[in-house]
Amino acid sequence: MGMSQLVVTAVLVEGRSKSEVARDYGVSRRWVITLVERYLAEGDAGLQPRPRRPLHSPNRTGKDIEDSIVALRKELERDGHEAGAATIAFHLQQRHGVSPAVSTIWRILSARGFVTPQPHKRPKSSYIRFQAEQPNERWQSDITHWQLADRTDVEILNILDDHSRLCVGSDARLVFKARDINNSFDQAVAAYGNPASLLSDNGAVFTGRYRGTGRVALEVTLHARGISFRHCRPYIHRPAARSNASTKPSKSGSPISPEPQPSPNYKPSSTPSAPTTTPCAHTAH
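Just add 75 to the spot in the sequence shown (first one is 1) and you have this note's numbering.
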């Protein structure tokens, strides 16, 4: 016998008060009253669990609109036209003067079985953000471009500790070559020790893996020291890392000098702040 039957039996058969029954069974008095009323009106059927889904959903698209979207989808496909969510939204706007959002149309088409899942088109924003748990667990290296006051273009290499966001190395040159990357990495290691792994994009100065040109200087160094080297997907020249705001003030906040003196060995004026946790040297296994 379920709780509902016990409560109703206690009230109607045993003749106990609703308040007493509610107190003894640890339920609300309102619920006891509701159960008794349902039983008197419907019998045993009134004691069956009822769905908690709301009777009305104000934000849900009406069934007539869903049917119109499906019909328009079939019509466009039959006539050989593009039948995506954006196209359907356009035609609904033209015919009826109003249209649901493109995302709503896409969800309706998916629910009706018109959309085939394509995981390879997953947006980058949906990937889980990575953050190293320990100092020196992973470093990130990336080259950005900047223009000096005299319009000279320079490249800026930043090497960051992914745990603390400490900038362990920062250099600037007119053009970086593979040996320059390796030298900058060695300087960072001399100050903070070897990282367990390094992350970079697939630029030719970082790796020759995807170009059939053998290993570049940095790859040779990392391999010799047992440091894991990871990259983004092939030919995606952007590191899969969180954005770093530590370098922005040194760029956007730099005053424009009327007589700039650019140098191939120019370094950003800002000095990286000390980390809250002192990096420790690891050796990758």
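Just so you know, even glycine gets a beta-carbon here, dropped at the ideal spot from N, CA and C.
Checklist entry - Can you pull the DSSP bridge partners for Ile234? => result Residue pairing by DSSP puts Ile234 in a beta bridge opposite Ser216, Gly244.
Checklist entry - Among Val295, Arg182, Glu230, Gln209, which one has its Cα closest to the Cα of Arg135? => result Ranking Val295, Arg182, Glu230, Gln209 by Cα distance to Arg135 puts Arg182 first.
Checklist entry - Should the stretch 164-177 be called in touch with the stretch 137-153, which here means at least 3 C-beta pairs below 8 Å? => result Three or more beta-carbon pairs separated by less than 8 Å link the stretch 164-177 to the stretch 137-153, which places the two stretches in contact.
Checklist entry - Ser185 lies in the alpha helix (DSSP H); which residues open and close that run? => result If you look at Ser185, you'll find it in the alpha helix (DSSP H) that goes 177-186.
Checklist entry - Leaving out the 5 sequence neighbours to the left and right, which residues in its chain are closer than 8 Å to Phe189 when beta-carbon positions are compared? => result Counting only Cβ-Cβ distances below 8 Å, and skipping sequence neighbours, we find Val145, Arg148.
Checklist entry - Is it true that the CB of Leu115 sits closer than 8 Å to the CB of Ser79? => result No, Cβ-Cβ distance for Ser79 and Leu115 is not below 8 Å.
Checklist entry - Which term fits Val107, buried or exposed, when burial requires 16 or more other beta carbons within 10 angstroms of its beta carbon? => result Its Cβ being crowded by 16 or more others within 10 Å, Val107 is buried.
Item to check | Ser79, enclosing beta strand (DSSP E) - first and last residue | outcome: First-last for Ser79: 78-87, but that is the alpha helix (DSSP H), not the beta strand (DSSP E).
Checklist entry - Looking at Ile218 and Ile231, is the spacing between their C-beta atoms short of 8 Å? => result One thing to note: Ile231 has its Cβ within 8 Å of the Cβ of Ile218.
Checklist entry - From Asp237 to Arg226, what does the alpha carbon distance come to, in whole angstroms? => result Looking at the two C-alpha atoms, the distance is approximately 32 Å.
Item to check | In DSSP terms, what His306 is bridged to | outcome: The partner list for His306 (beta bridge, DSSP) reads Ser275.
Checklist entry - Buried or exposed: Asp228, going by 16 or more other Cβ atoms within 10 Å of its Cβ? => result Its Cβ having fewer than 16 others within 10 Å, Asp228 is exposed.
Next on the checklist: If distances are taken between C-alpha atoms only, which option among Leu87, Ser92, Leu273 comes closest to Pro210?
Outcome noted: It is Leu273.
Item to check | According to DSSP, residues forming a beta bridge with Trp221 | outcome: For Trp221, which the question treats as bridged, DSSP gives the partners Val229.
Checklist entry - Is Phe251 helix, strand or coil when you go by DSSP? => result The answer is coil: DSSP assigns Phe251 none of H, G, I, E or B.
Item to check | CB-CB length for Ser239 against Phe281, believed under 8 Å | outcome: Not really, about 22 Å apart at Cβ, beyond 8 Å.
Checklist entry - Secondary structure at Ser259, three-state DSSP: helix, strand or coil? => result In the structure shown, Ser259 sits in a helix (DSSP, three-state: H, G or I).
Item to check | Buried or exposed (CB count within 10 angstroms, at least 16 for buried), Asp276 | outcome: Counting C-beta atoms within 10 angstroms of its own C-beta, Asp276 has 16 or more neighbours from the protein chains shown and is therefore classed as buried.
Checklist entry - Beta-carbon separation of Ala164 and Leu184 under 8 Å? => result When the beta-carbon positions are compared, Ala164 and Leu184 stay at least 8 Å from each other.
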